[in-house]
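Its first residue numbered 37, the sequence shown is counted upward by one per residue in our numbering.
Glycine is no exception: its CB is placed at the ideal position from the N, C-alpha and C atoms.
Just so it is clear, the structure is predicted and the values come from calculations on it, not from any experiment.
Quick notes on the structure that follows.
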Amino acid sequence: MKNVNSYGFSRVIYTDIDRDGTKTAPNIQETLNIAKISSAPVIVSGGISSIEDIKKIITLNQFNIEGVIVGKAIYDGDIKLSDLKKLENA
């Protein structure tokens, strides 16, 4: 992973596969570790369970964390698209 910058990526999507689909909260610490060694912005994926998880991720923008991928929490109705839209406009 230390050579990630040499590949010329425009973004890095970090998915914690142990948390993917579990809605147990994202792996923030490992995401931050990846963001520290990457010059490309990082997108968080895996374990998103609530709008609160997304609000926490938004606060990490200063650390090169650019976005989030949400799947099961939307599918199960735990996160509403309308609530995501409100965050976008805030």
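- Find the nearest neighbour of Gly57 within the set Ser75, Val106, Lys122, judged by alpha-carbon distance. Val106
- Residue interval of the beta strand (DSSP E) (run including Thr51): 48-51
- Message: Which same chain residues end up closer than 8 Å to Ile64 when comparing Cβ atoms and leaving out the 5 residues on each side of it in sequence?
- Response: Val80, Lys92, Ile93, Leu96
- Just mark Asp54 as buried or exposed, buried being the case when its beta carbon has 16 or more other beta carbons within 10 Å. exposed
- Task: Could you spell out the range, first to last residue, of the alpha helix (DSSP H) harbouring Ile64?
- Result: 64-73
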